[in-house]
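Below: the structure, in structure tokens.
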Amino acid sequence: MTLAGPARVSAFIGLGANLGDTARTLTLALEALAALPDTELLAVSSLYRSAPVDASGPDYLNAAARLETALPPEELLRRLQAIELAHGRERPFVNASRTLDLDLLLYADEQIRSEHLCVPHPRLHQRAFVLLPLLEIAPDLTAPGLGVLQPHLAAVSGQRVERLPGD
0 MTLAGPARVS
10 AFIGLGANLG
20 DTARTLTLAL
30 EALAALPDTE
40 LLAVSSLYRS
50 APVDASGPDY
60 LNAAARLETA
70 LPPEELLRRL
80 QAIELAHGRE
90 RPFVNASRTL
100 DLDLLLYADE
110 QIRSEHLCVP
120 HPRLHQRAFV
130 LLPLLEIAPD
140 LTAPGLGVLQ
150 PHLAAVSGQR
160 VERLPGD
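Taking numbering that gives the first Met the number 0, I'd label the letters of the sequence shown as residues 0 to 166.
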């Protein structure tokens, strides 16, 4: 008799960095995501350059990734934060520049509100640097409480975001 493993769900991760070798950091972060236990990296967007929002500092490089994972949401968040720390992430103040930012944007169709985790990410529909990479890898994506995400692009069309050419 074969026992089935834990059920897997789709999770979407937002990646960003604006300090250090940002392209290399995002590449290493994607490798770390692919190496998570009970997890498969299914899709990765192009890289996007964006201006900081509600902050100063250099432009960000951003991307989005789709995972299939059996990790529970709080465990996935803990592992994302460990990857950030491994890349020198510090949190001196809100919206500080960062070597790496990994946000759990969506986890299956769940709405989660806890002390440490808020899913869907509360501002994902207000940020072009999140929506554009997300919709690149999942054009028909919906989010609990927000519905279809594509129509939210109109509201963020004035934000400066540039898709970088692929390799």
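Just so it is clear, CB atoms sit at the ideal spot from N, CA and C, and this is done for glycine as well.
Please read all numbers here as calculations on a predicted model, not as lab measurements.
In whole angstroms, what separates the C-alpha of residue i from that of residue j?
i: PRO143; j: ALA22; result: 31 Å
i: LEU18; j: GLU83; result: 13 Å
i: LEU99; j: GLU30; result: 14 Å
i: ALA153; j: LEU134; result: 13 Å
i: THR141; j: GLY157; result: 22 Å
i: LEU76; j: VAL129; result: 18 Å
i: SER44; j: ASP108; result: 21 Å
i: ASP20; j: GLY165; result: 17 Å
i: ALA81; j: GLU74; result: 11 Å
i: LEU14; j: ASP58; result: 14 Å
i: LEU131; j: HIS151; result: 10 Å
i: ASP139; j: VAL155; result: 18 Å
i: HIS115; j: LEU148; result: 24 Å
i: LEU60; j: PRO5; result: 34 Å
i: SER113; j: LEU46; result: 30 Å
i: ARG126; j: TYR106; result: 18 Å
Can the beta-carbon of residue i be found closer than 8 Å to that of residue j?
i: LEU103; j: LEU70; result: no
i: LEU101; j: HIS124; result: no
i: ALA50; j: ARG122; result: no
What residues match up with residue i in a beta bridge as DSSP calls it?
i: GLU67; result: SER9, GLU39
i: GLU161; result: ARG48
i: VAL118; result: ILE111
Just tell me which of the options has its CA closest to the CA of residue i.
i: ARG162; options: VAL147, ARG48, ASP37; result: ARG48
i: ALA10; options: LEU41, GLN149, ALA34, TYR59; result: LEU41
i: ALA33; options: ARG65, TYR106, PRO164; result: ARG65
i: ALA137; options: ALA6, ALA62, VAL155, ARG122; result: ALA62
i: ARG7; options: GLY13, ASP37, THR26, LEU105; result: ASP37
i: ALA189; options: PRO150, LEU148, LEU27; result: Missing from the structure shown is residue 189; the chain here goes from 0 to 166 and no further.
Excluding sequence positions up to five away, which residues of its chain have a Cβ less than 8 Å from the Cβ of residue i?
i: ILE111; result: PRO72, CYS117, VAL118
i: THR24; result: ALA16, HIS86, THR98, LEU99
i: LEU35; result: LEU66, THR68, LEU70, LEU75, ARG78
Could you name the residues of the same chain whose beta carbon sits closer than 6 Å to that of residue i, not counting the 5 residues immediately before and after it, in chain order?
i: SER96; result: ASN17, LEU18, GLY56
i: GLU39; result: GLU67
i: HIS120; result: ASP102, LEU104
i: GLY87; result: THR98
If we define contact as Cβ-Cβ less than 8 Å, is residue i a contact residue for chain D?
i: ALA69; result: No chain D appears in this structure, which consists of one protein chain only.
Note down, in chain order, each residue of its chain lying with its Cβ closer than 7 Å to the Cβ of residue i, except the 5 sequence neighbours on either side.
i: MET0; result: The predicted position of MET0 is uncertain, since its pLDDT is 48 and thus under 50; no value can be drawn from it.
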